[in-house]
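Which chain is which? The protein sequence lines are U and C, in order.
So for the first sequence, our numbering puts the first residue at 1; every next one is plus one.
So for the second sequence, our numbering puts the first residue at 156; every next one is plus one.
All C-beta atoms in this analysis are idealised placements derived from N, C-alpha and C, irrespective of residue type, glycine included.
There are 2 protein chains.
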Amino acid sequence: MAAPDQPIFGALAESLGFLLRLAQLQAFDEYFSAEGSPEHGPGEMSILLMIDANPMIRQGVLARALRIKRAHMTKIIQSFDRAGLVQTSVPADDRRSLELTLTPAGKDRLARVWDRVSLNELGRPGNLTQRETDTLKRLLRKYLSIAAPAEGADA
Amino acid sequence: MAAPDQPIFGALAESLGFLLRLAQLQAFDEYFSAEGSPEHGPGEMSILLMIDANPMIRQGVLARALRIKRAHMTKIIQSFDRAGLVQTSVPADDRRSLELTLTPAGKDRLARVWDRVSLNELGRPGNLTQRETDTLKRLLRKYLSIAAPAEGADA
DNA sequence: TATTGTTATACTCTATAACTATA
DNA sequence: TATAGTTATAGAGTATAACAATA
Numbered sequence: 001m002a003a004p005d006q007p008i009f010g011a012l013a014e015s016l017g018f019l020l021r022l023a024q025l026q027a028f029d030e031y032f033s034a035e036g037s038p039e040h041g042p043g044e045m046s047i048l049l050m051i052d053a054n055p056m057i058r059q060g061v062l063a064r065a066l067r068i069k070r071a072h073m074t075k076i077i078q079s080f081d082r083a084g085l086v087q088t089s090v091p092a093d094d095r096r097s098l099e100l101t102l103t104p105a106g107k108d109r110l111a112r113v114w115d116r117v118s119l120n121e122l123g124r125p126g127n128l129t130q131r132e133t134d135t136l137k138r139l140l141r142k143y144l145s146i147a148a149p150a151e152g153a154d155a
Numbered sequence: 156m157a158a159p160d161q162p163i164f165g166a167l168a169e170s171l172g173f174l175l176r177l178a179q180l181q182a183f184d185e186y187f188s189a190e191g192s193p194e195h196g197p198g199e200m201s202i203l204l205m206i207d208a209n210p211m212i213r214q215g216v217l218a219r220a221l222r223i224k225r226a227h228m229t230k231i232i233q234s235f236d237r238a239g240l241v242q243t244s245v246p247a248d249d250r251r252s253l254e255l256t257l258t259p260a261g262k263d264r265l266a267r268v269w270d271r272v273s274l275n276e277l278g279r280p281g282n283l284t285q286r287e288t289d290t291l292k293r294l295l296r297k298y299l300s301i302a303a304p305a306e307g308a309d310a
């Protein structure tokens, strides 16, 4: 049983968790392939996208939705705030909370980075046909209990 | 446009990369939910599983297959070696390389941890039916260019 | 009492480059 | 020259606990 250069994946190939792990790594390899070092990593990108889609979102809601720990979220939001990308406000009905909204500069930054990223990604969904890609996304949304995007929504 | 507790995912819901990212986070949440702190994280688990399925696998082949950087792989393998979980050997045909094989202790460790993990995972594939789960895994394997496991293979 | 955000700490993982020994 | 593994370093991400303000 000499080791081939293409190893056998064995139990990994039947494990949803590990398939998702490997697929995610491959996706982000392809994602940021062209660019050297992108301005924002996947975590920060997802935060900007969520604030854009949900103005005045509360920091805790955001953290739960993206499965980012509150302590980590604080540091990221503070850096966004220092960079002038987000505007924060304290809601009157709960003065412990923080509401987050993108500034015009934040929207610009997002548009610029996301445009580059989404073009990369949409260009090549691995080895899948368009139909398979759609099915894959649909099943992932169902797995995550995430609603399908609106008709005609931008990717 | 007040922020609801269930935010809108917007562009994220159409991005394969971000769906994979969120799904992976959810999968490992469910994975290691019952246990407090598992003995091995996802990265280390995947390495043990791959060595188990590919005795005498070379360290570099392993690193490429799992998309783990060589420098990081070195540290993990060294810790496995110190813990007596893997046995290393230098192949005659290329004395730069390292061949890795699980020791009996390594196999025991893997069996014990994996059994707990795979039971957790197989118990609940999110909100998907069995058929949807199978389709999802099949599409992920195709996306990754990974061969389907052998018939009747253990999960 | 519980929750929101914060601070601090530690650990894992990643990214990079330089080094060695082999090829 | 190129490759396999190593070493060292820095940074990103994560996990945890304790704390202040507020509910």
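With distances taken between CA atoms, Pro210/C lies nearest to Leu253/C out of Arg296/C, Leu253/C, Met228/C and His227/C. Counting along the chain, Leu85/U sits inside no beta strand (DSSP E), nor does DSSP assign it H or E at all. In this model, Leu128/U and Leu294/C are separated by some 8 angstroms (Cα to Cα). Closest in C-alpha terms to Thr290/C, from the list Gly10/U, Leu16/U and Phe9/U, comes Leu16/U.
Within chain U, Pro7 have C-beta atoms less than 7 angstroms from the C-beta of Ala220/C, given in sequence order. Every alpha helix (DSSP H) of 4 residues or more that sits fully in the region 228–296 of chain C is shown, in chain order, as 259–278.
Scanning chain U for C-beta atoms nearer than 8 angstroms to the C-beta of Thr288/C yields Leu16, reported in chain order. When secondary structure is reduced to three states using DSSP, Arg222/C falls in the coil class, being assigned neither helix nor strand. Neighbours of Ser300/C in chain U, taken as residues whose beta carbon is under 7 angstroms from its own, are Asn127 in chain order. Bridge partners of Arg213/C according to DSSP: Glu254/C. Here Ser89/U has Met56, Leu98, Glu99 and Thr101 as same chain residues with Cβ atoms under 8 angstroms from its own Cβ, once five neighbours each way along the sequence are excluded. Residues of chain U whose Cβ lies closer than 8 angstroms to the Cβ of Pro304/C are, in chain order, Phe9, Gly10, Ala11, Ala13 and Glu14. For Glu121/U, the chain C residues whose C-beta falls within less than 7 angstroms of its own C-beta are Ser170, Leu171 and Gly172, listed in chain order.
A distance below 8 angstroms between beta-carbons, with the five flanking residues on each side excluded, links Gly239/C to the following residues of its chain, in chain order: Thr258, Ala260 and Gly261. Residue burial is scored here from C-beta neighbours: Leu119/U has fewer than 16 other C-beta atoms within 10 angstroms and is therefore classed as exposed.
A Cβ-Cβ distance of about 6 angstroms is found for the pair Asp207/C and Leu265/C, placing them in contact under the 8 angstroms criterion. Judged by beta-carbon spacing, Ala303/C lies within the 8 angstroms limit of Arg296/C, meaning their Cβ atoms are closer than that value.
Counting of Cβ neighbours within 10 angstroms places Arg21/U among the buried residues, the total reaching 16 or more.
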